[in-house]
Structure formats: C-alpha cells, structure tokens
Amino acid sequence: MARVPVMRAVVDVLVSEGVDVAFGCPGAAILPLYAALEKSDIRHLIVRHEEGATHMADGWARTNGRVGVAVGTSGPAGTNMITGLYTAQADSIPILCVTGQAVSDKLHQEAFQAVDIVAIATPVTKWAVQVKEAAQAPWIFREAFRIARSGRPGPVLIDLPLDVQRQEIEWDPELDAPLPVPRVEPHRPRVERALDMLLAAERPLVLAGGGVILGDAHEPLRELAELLGVPVQTTLMGKGSFPEDHELFAGMTGIQTSQRYGNQSFLESDLVLALGARFGDRHTGALDVYRGGRRFIHVDIEPTQIGRVFGPDLGIVSDTRLFLDALLDAARERGTRGDHAAWVARVGELRRTLTRRDDYDTVPIKAPRVYREINAVFPPDAYFVTAIGLYQIWGGQFQRAHLPRHYQVCGQAGPLGWEIPAAIGVKSAVPDAEVVAVVGDYSFQFLVEELAVAAQYDIPFVIIMLNNEYLGLIRQAEADALGMETEVDIHYDEYGTDNVRIMEAYGCRGRRVHEPGDLAGTIEWARREAAATSRPVLVEVMIEREATTARGLRIDAMTEPEPVPHA
C-alpha cells in the first residue's frame, strides 16, 4: 500500500461514513487535520465558539440520522465542547468531536493548552479516546462511528496529539468500509406476550418516545395503531413521530409539556406500550399517580433503561422498528384487528373538550397566540428547533408536529443557546428545507455569535423570539416554590437588549411585534426576507412579562394559568 499522511486516511474515513460537512474552529494543535480537510470534498463551516460547533453537528445529525462532526483544537476547545457532548448523550444523538492535543511527550509537562480531555469527556460520551499510534487512527475513527450509531446512539470524542497527526501510514481507501452496526432484534415470545396484553386491554395507549424517531419506526407505528385501533401519545422527544391531526392521536402526557386531554387520556388508560421512552421526570410527575393501576410494556434498545425508573410488567430489549415490524407480523398472522371503538371515541371526546385557548387578542401578546400563528403559517414539512424555558413548555402544549425529525428539542440537558447553532446544522443537512428557530430572549444571547456563521455561509432561517424580558421559567419556579422573584428580571431601558439591532450588527434583519394582529404578517415577511437575503431573520414578539404555563407535580392536578373549558 502507498504511504499517506495519517490525517488523509482519517478524512477518507469521514467521507465514507457519510460526512459531507464539518463544523469547527482551527488551531495550532489540529492543523494537520485541517490540511487534509482542505483537500477533501467535506465542507467546513468555521464557528465562533466550539460549543456552537457541537450543537450544529447535533442539529445535522438529528435531521439526517448520520453522525455529525465537530472539530476543535487543544485545551479550551475541548472543554468548550462538553456541553454539546452532554446534550447529545442525553438525547441519544450520534456526534463525533475531534480535538487536537499537544505532542505526546509534553503531556506530562503542563504544555500550552494541554488538558486531559479524554478524562473530562468520559462521563458525557459513549467513548472518549486518545490516538497514541498513528496506524490506529483510521480504525479508531471507524470504531467511533460504529459506537456512535450502535444501540442507543450517542456522542464520541477522539483526541489527536499533534505528533500523531504529522505521521504517515500505509493506507488504501479502496480496501476499506464502515464497520457493521448490529440491529437489536426482539425476542419473539416477548412480542407475542405484548400482543396478548394489548388485545386484553380495554383502554390501551401507545407511548411513542424519541426512540421511535431514532429508529425510523414512525411508519410501522401508524400501521399498528390503525390495525389495532389503539390511540397514540408522544413524549416531548417523540413529538412528530405520529401525526397530530390523526384521529388516533391522544396528545402528550406530562407535568409541563402536555395537553389536558393527553393527561386525562393517560389517566383513563389501563395499559401503556412505551416505545423508546425514558419515563423522564417532567413526563411522569409523581410516579404513584403515573403508574396508578395501569400495566406497562417497555420497549427500548438499551437494556439498562428498562426498570431504571420503575419496573414494567413486560420489558423488551429491541430496536423500535424491528419490534413494531414483529408485532405487526404477529397480529397479521393471528388475523387480529383491534376492537377499541368506544375507547377511541372517548379519546376523541377528550381531545375536543379538554382544551386550552390560543386565540387571545390582548396586548401584551399571550404566548399561546404566537403558536396559533406558527401552526397556521408554516407548512407541515418545516423544521423547528427549540430549547429550554417557558417557550419549550408552550411549544409542547400548543405547537403541532406531523413529521419525524421536523420538531427538534434539546429535551433532557436543555442548554440555553442551542437553537441558533442547531438551526444552522439542520439547514446544512437539508439546504432546501424551511427552518425555524423558536427562542427565548435569554437563550438567544448565549450563542448569538453563531449568527455570523449563518451570515457568512448564506444559511437562511426564521427566528421567532418570545420576549418577556424575564428568566420566565425560573421566575415561575421561584414564585411557585418560594414566593419570591430574585435575579430573574432582565428588563432595562425601553426593551432591555435591542435584539433587532443585534441582528443588524450581524448583517441580518429583524422586526419587533407588539400587536397580535401583526404576528401573521410579520412572520410571512420574515419568511420572504430570509429567502431573499439567505440570512437569518428575527421576529421578536413582546409577550406579557409575568407569563406562566400550565404546570404541576402530578398529572392529575395541574395548575392552569388561564380559565379552561371543562368536559
């Protein structure tokens, strides 16, 4: 074989693994890799902060299901990536972070920007490793991609000492290929038992978690629901896995992101088939209420997830799609169709009657009205990204989603600032798609510098900001738990920070909205302007300052911020 620079072999691996874009920032300790990237077909976007690179890789990976790549140099570049690694680990997103490192024989001497990033990253990755021999590099990268995609997907980190990057190895890309990723098949007797339990139940529900989206299982999910006549709920991470205008859609259960009819449907159910769901605490609330007298079947690709929160009546380790395919086969072999017409009718009645208003026309604008306009203006195939705060809760309660991977939320880690870089990642994955970032005024400023990346590389998307000039979720928590309002008010002068002028500083445009009647027209203006300028455009919506959301500690005892109709 010919001898080639080892970083050229690494780039060959990246290309063959489906990487066509990387997000990062060069530095002295990673320049050999950049020299190889320059000679490849991989497009590189230079970020303004390495955390931004990880969230861009995250958004890219959530959109197309492949492994996103973020690159940084040594020292603080790697430590800046930790939040992005944690976010990807929490939400099961496959990304690869590549860091440069000081030369090997200087690592014990506190060399400039030398830090043990492998030790730092290990708790928030599936695998963190330093390449110590150049000949290992392409195989370590192959293994990293295999690990990132296997089982429950997640992040990996590879650290590259500078002296290792400078070496040559024998390499022929024509003789190489990705390592196989095994699929986890269900044990057939457990599939049959699950079918028995579904058919015996009077009021069954399917709970679709993020694993349905990661497993591309939305189509067999719909087939199963329609075949057996079983209503379907989604978790926050599963939002979009089942169309919300379907007659079998039963909403979302939770103590934050939920619908009233979703909680009530869940409370009236007698069996729950949970697919790729973690039973997170914001979904379950008090476990004694959540579990009640109902039975649970828990299907997850990761064995240690089963029984982590509570022991199910039946646990099944499986890829969600393979499980649903097997369950459909078993049902068809038996010639079985569901007979839950009365239960489906009851869920439909709850969906019609246990609602929340979104048609407010008051000033200041109420947040639900913003989501009403979002639902009306954007087509079903638009991509949305949103992060953490009151606006995440309102989004879960009021925004509709119809397609998998089109509603993206950093659900478990919840890092502020995620939306702008994630939107860049989504748009880089599907350049022709319409992308919308729904942000809060506080989160907007955490990684606002990544607007420069979107402007530099002509990456257009719409930003809809709900601005109450508060740390709204923390203000709500303080008021509820402690009766105080401490260090959560960020208002000053007329509007506080002038976010429209921030947009203009980055060469982008924006408008501020005070009247609910102006929402639709301003959002349409932003869509046109983003397309015309190929840059992000902001719609800043001034909402009521002390806004609150529906919330509680138990799914049967939610506090509603506004009057609601009763069934």
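Residue numbering for the sequence shown follows our numbering, starting at 48 and increasing by one per position. All C-beta atoms in this analysis are idealised placements derived from N, C-alpha and C, irrespective of residue type, glycine included.
Quick one: what's residue 208 bridged to in DSSP?
148
Would you mind working out which of 467, 447 and 313 sits nearest residue 423, comparing C-alpha positions?
447
Taking all protein chains shown into account, do 16 or more other C-beta atoms lie within 10 angstroms of the C-beta of residue 234, making it buried, or fewer, making it exposed?
Exposed: under 16 other Cβ atoms inside 10 Å.
Would the segment 117-124 count as touching the segment 48-58 if we require 3 or more Cβ pairs under 8 Å?
no
Quick one: grab the DSSP three-state call for residue 116.
If DSSP states are grouped into helix, strand and coil, residue 116 belongs with the strands.
Does the contact criterion of 3 or more C-beta pairs under 8 Å hold for the segment 213-223 versus the segment 151-158?
Fewer than three pairs of CB atoms, one per stretch, sit closer than 8 Å, so the segment 213-223 makes no contact with the segment 151-158.
Measuring CA to CA, which of 575, 302, 413 and 77 is closest to residue 563?
413
When the Cα atoms are used, what is the spatial distance from residue 401 to residue 503?
47 Å
Report the three-state DSSP secondary structure of residue 449 (helix, strand or coil).
coil
Under the assumption that residue 511 contacts residue 417 (Cβ atoms under 8 Å), give the Cβ distance between them as a whole number of angstroms.
7 Å
Let me know the beta strand (DSSP E) ranges lying completely inside the segment 419-476, each 3 residues or longer, listed in chain order.
430-433 and 454-456
How many Å lie between residue 362 and residue 245 at the Cα?
14 Å
For residue 608, collect the residues of the same chain with a Cβ closer than 6 Å to its Cβ; drop the 5 residues on either side in sequence, then sort them by chain order.
595
Helix, strand or coil, according to DSSP, for residue 589 in the structure here?
strand
For residue 186, which option in 265, 541 and 59 has the closest C-alpha, if you only look at C-alpha atoms?
59
Please identify the residue among 147, 161 and 146 whose C-alpha is closest to the C-alpha of residue 153.
161
Along the chain, where does the beta strand (DSSP E) that runs through residue 604 open and close?
Looking at the DSSP string, residue 604 is not in any beta strand (DSSP E), and its letter there is neither H nor E.
Would you give the residue range spanned by the beta strand (DSSP E) that residue 90 belongs to?
90-93
Which runs of the beta strand (DSSP E), 3 residues or longer, sit entirely within the segment 382-424?
Complete beta strand (DSSP E) runs here, min 3: none at all.
Let's see if you can read the secondary structure: which residues bound the beta strand (DSSP E) around residue 9?
Outside the modelled stretch of the chain, which goes from 48 to 614, sits residue 9, for which no answer is possible.
Among 210, 183, 125 and 142, which residue has its Cα nearest to the Cα of residue 150?
Of the candidates 210, 183, 125 and 142, the residue whose Cα lies closest to the Cα of residue 150 is 210.
Just curious, the beta strand (DSSP E) that residue 262 is in, first and last residue?
Careful: residue 262 lies outside any beta strand (DSSP E) and carries neither H nor E.
Look up residue 360 in the DSSP assignment and say whether it is helix, strand or coil.
coil
To the nearest angstrom, report how far apart residue 321 and residue 134 are at their CA atoms.
23 Å
Please give me, in chain order, every unbroken run of the alpha helix (DSSP H) with length at least 4 that falls completely inside the segment 122-171.
123-127, 129-138 and 164-168
What is the rounded straight-line gap between the Cα of residue 242 and the Cα of residue 103?
41 Å
What are the start and end residues of the alpha helix (DSSP H) that includes residue 194?
184-196
In the DSSP output, what is residue 38 paired with across the bridge?
Outside the displayed span of the chain (48 to 614) sits residue 38, for which this structure offers no information.
Alpha carbon to alpha carbon, how far is residue 406 from residue 445?
11 Å
Leaving aside the five residues before and after residue 345 along the sequence, list all residues of the same chain whose C-beta is less than 6 Å from its C-beta, in chain order.
Excluding sequence neighbours, residue 345 sits near 321, 353, 359 and 362.
Short of 7 Å in beta carbon distance, which residues of its chain neighbour residue 95, apart from the five on each side in sequence? Order them along the chain.
Cβ neighbours of residue 95 beyond the five flanking positions: 496, 497, 499 and 500.
Look up residue 482 in the DSSP assignment and give the residues it is bridged to.
430
If you drop the 5 nearest sequence neighbours on each side, which residues of the same chain put their C-beta closer than 7 Å to that of residue 250?
315, 316, 317 and 390
Just mark residue 436 as buried or exposed, buried being the case when its beta carbon has 16 or more other beta carbons within 10 Å.
buried
Just list the residues that DSSP pairs residue 556 with in beta bridges.
584
Could you check what DSSP says for residue 521 in three-state terms: helix, strand or coil?
helix
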